[in-house]
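Worksheet: one structure, shown below.
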Amino acid sequence: MYWNQSIECMPAGELKKLQYKSLKSLVNNLYSFNAFYHAKMKDANVHPDDITSLDDITKLPFMNKSDLRDNYPTKMFTAPRKDVVRYHVSSGTTGKPTLVGYTKNDIDLWTESLARALTSIGIGDGDIMQVSYGYGLFTGGLGLHYGAEKVGATVLPASTGSTERQLELMMDLDVTAIACTPSYLVHMGDVAKKMGIDLRKDTKLRKAVLGAEPWSDNMRRHIENELGVQAYDIYGTSELSGPMFTECEEKNGIHIWGDTAIVEIIDPETGESLEPGQEGELVMTVLKKEAMPMIRYRIKDLTSVIDEECACGRTSPRIRRITGRSDDMLIIRGINVFPSQVEHTLMQIPELCGQYMIHVDRIGALDYMTVQVEMRPEAFSDKVDDMLKLKKHISSELKRYLNIAVEVELAAPNSLPRFEGKAKRVADRRKM
Ligand code: DLL
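Residue numbers for the sequence shown follow our numbering, beginning at 10 and rising by one.
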C-alpha cells in the first residue's frame, strides 16, 4: 500500500529532474530574498547561475547547527512572521536553543511525509495508535500525531511518562501501534512484566515506530521476540521538520522522500562526497519548506546510501540505520545533550572551577546522566548543608538548560582528571 504512489514510485530519472527543478528555484529564491543565504553563497563564491545540474549541489556551501545558533531566533526564516503557524525548539550546542518555524504548508508537507511513512509500515485507519513521544517543543509527539490522524488512525496522545497508566490505556483501548523511543518501549515491557501484563496476550499491540535515539538490530530482535511487536525505525531531526522517514515493511533501510529532500553523504573530515555504500556524514537539503528550508545541512549522523531498489516497489533513496555521530552529541532518554551545553551551564556557577566529567549509564532500559563537578578550593566547605544547597542549585541549573534530570556529584578541589591532549570528559557506558 502506498500513500502517494506517483511520488513514492517515481522513476529515478524523473525524480532527479524534479529535485533539480526544486533546487534551482530554492537557490534562486534564497539568493535573491534572504540576507543570510545571500551572504553565505557570496562568501563561497557561488551564484545561482552556477547550478546547472543536480550534481552542482556540491558547489553550494554547507550549513551547520552554528548557523542556526548565530541567526537565532528567526534570522534564517524565509517566510513573514504572520505566515509562521508553529515553532518547535531543540537543543543548541551552548546556551541558545535551536528554533524551527513552520508555515501551514510546511505542517501539511511534514504530515504528508509521515502519512507516506506510516502507510509504508501498514499503519492506517484500522489502527489505534498510542503516541508516546513528548508533546510540546519536541517534534516527536505532534509530528506523529498529525501523521497518524492523516492516515485515519485513532490517536491516543499519551506523551511520555506515567507508564503504568499508559499500559492500562493500551489494554482498555485496544491499542495496535505505538510510537516512542526504543528504550521507552523496552521500559514499558519491563513495567508491564512487573504489573503481570503480557503484552502479547493482554494487549493488541503489534507495531512500533521507534526512533529519536540510536538503536540496533539486536534491540529490534529483543523487542520483536520479547514483546511480540514488529519494530520499525523512524528518523528525522527538528531542523528537517521532525520525524519524517521510516523503514517500510521490508525493514531494509529508511526511505527518504526525494521530492522533499536531497541526500548526500560526505567524509566528515574533508567534506568530500562519498559513493553509495560508503559510510559518512549525512547532509540534507530540504527543498520545499517555506519558513525554513535548508541547504546542505550537516546533520552529523553517520550512515550510508543504499543503491538498490527496495522490494516494496518504492524508488525513493534509502539510507541505512544511523550508526553514530561525527560530533559529541549524546541522546539521553530521547533528548539531545551536547557536552558543550553542560560546560556552558557549569561555567556560570562561581563555586566551580571548570573541571567536570559526564557519566552516562543505562540501568534497565533507562538512561541516567551523572555530572561530577570540581569545586574551587575557596568554595569547598565541610558544612554539609552548604554543600547540599550547592548541589541542588547545580542540578536545577542543569535541568533548566538541558531539560533532563541530572545527578550531580561534588568533587573536591584538584580531584578530577586533567588531560594533556584533548579532554575526554564523557564516559558513556551504555550498550545498544
Ligand atoms: O529526534 C526527531 C524524531 C522524533 C525522530 C521522533 C524520530 C522519532 P531531534 O531532537 O532534533 O529530532 O534529534 C535529532 O536524533 O540527528 C539523530 O542523532 C537522532 N535520531 C533521531 N532518529 C534516530 C534514529 C528528533 N532512528 C537527532 N536512529 C538525529 C538514530 C536518531 N538516531
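Glycine residues also receive a C-beta, built at the ideal position from the N, C-alpha and C atoms.
With 16 other Cβ atoms within 10 Å as the buried cut-off, status of residue i
i	result
K203	exposed
N412	buried
R342	buried
D136	buried
K217	The residue you asked about is not Lys; residue 217 is Ala in the sequence shown. Burial call: buried.
H97	buried
H154	buried
G143	buried
V393	exposed
D268	buried
R90	exposed
N227	exposed
P252	buried
F428	exposed
D207	exposed
K49	buried
M356	exposed
Q139	buried
P191	buried
M303	buried
G150	buried
S31	buried
A320	exposed
D134	exposed
K298	buried
N423	exposed
M19	buried
Extent of the continuous alpha helix (DSSP H) to which residue i belongs
i	result
R229	226–236
R75	In the sequence as displayed, the identity of residue 75 is Ser instead of Arg. That run of the alpha helix (DSSP H) goes 74–79.
H47	44–52
S122	113–129
K159	148–159
I60	Segment: none, I60 is in no alpha helix (DSSP H) and carries neither H nor E.
I66	Neither: I66 is in no alpha helix (DSSP H) and is coded neither H nor E.
I274	Segment 270–275 is the beta strand (DSSP E) holding I274; no alpha helix (DSSP H) there.
S15	14–17
Between the CA atoms of residue j and residue i - distance to the nearest angstrom
i	j	result
G22	T61	16 angstroms
I265	R409	35 angstroms
Y365	K433	10 angstroms
E258	Q14	16 angstroms
F45	E177	50 angstroms
M301	K25	22 angstroms
E317	D65	23 angstroms
S390	M396	7 angstroms
A421	S141	41 angstroms
E406	A240	37 angstroms
V292	L77	15 angstroms
S41	H47	7 angstroms
H56	Y29	16 angstroms
V109	L123	18 angstroms
S349	G322	44 angstroms
R305	E290	11 angstroms
M338	E222	11 angstroms
Y244	M197	21 angstroms
F86	V184	39 angstroms
W12	G170	32 angstroms
P326	G262	9 angstroms
V435	V164	39 angstroms
V380	N37	47 angstroms
M179	I187	9 angstroms
I275	L118	27 angstroms
Y193	S168	11 angstroms
R230	P166	27 angstroms
E233	P106	36 angstroms
R438	V272	32 angstroms
D181	E235	21 angstroms
V195	S34	45 angstroms
E383	V369	18 angstroms
R209	L63	48 angstroms
G363	L214	48 angstroms
F71	T83	19 angstroms
First and last residue of the uninterrupted beta strand (DSSP E) at residue i
i	result
M138	137–140
Y241	239–246
Y96	93–99
V435	435–437
M85	No beta strand (DSSP E) holds M85; DSSP gives it neither H nor E.
P252	251–255
- Query: Near the ligand DLL, which residues have their beta-carbon less than 6 angstroms from any of its heavy atoms, given in chain order?
  - Reply: S99, Y142, T148, G149, G220, A221, E222, P223, D242, I243, Y244, G245, T246, S247, G251, P252, I308, D310, I331, R334, I340, N345
- Message: Quick check for students: name the residue ranges of the alpha helix (DSSP H) that lie wholly in the stretch 293–372, counting only runs of 4 or more.
- Response: 348–355
- Entirely enclosed beta strand (DSSP E) segments - the stretch 370–394, minimum 3 residues: Fully enclosed beta strand (DSSP E) runs of 3 or longer: 375–384.
- Which runs of the beta strand (DSSP E) spanning at least 3 residues fall entirely within the stretch 389–425, listed in chain order? 416–420
- Query: At which residue ranges does the stretch 181–211 contain complete beta strand (DSSP E) runs of 3 or more residues, listed in the order of the chain?
  - Reply: 186–189
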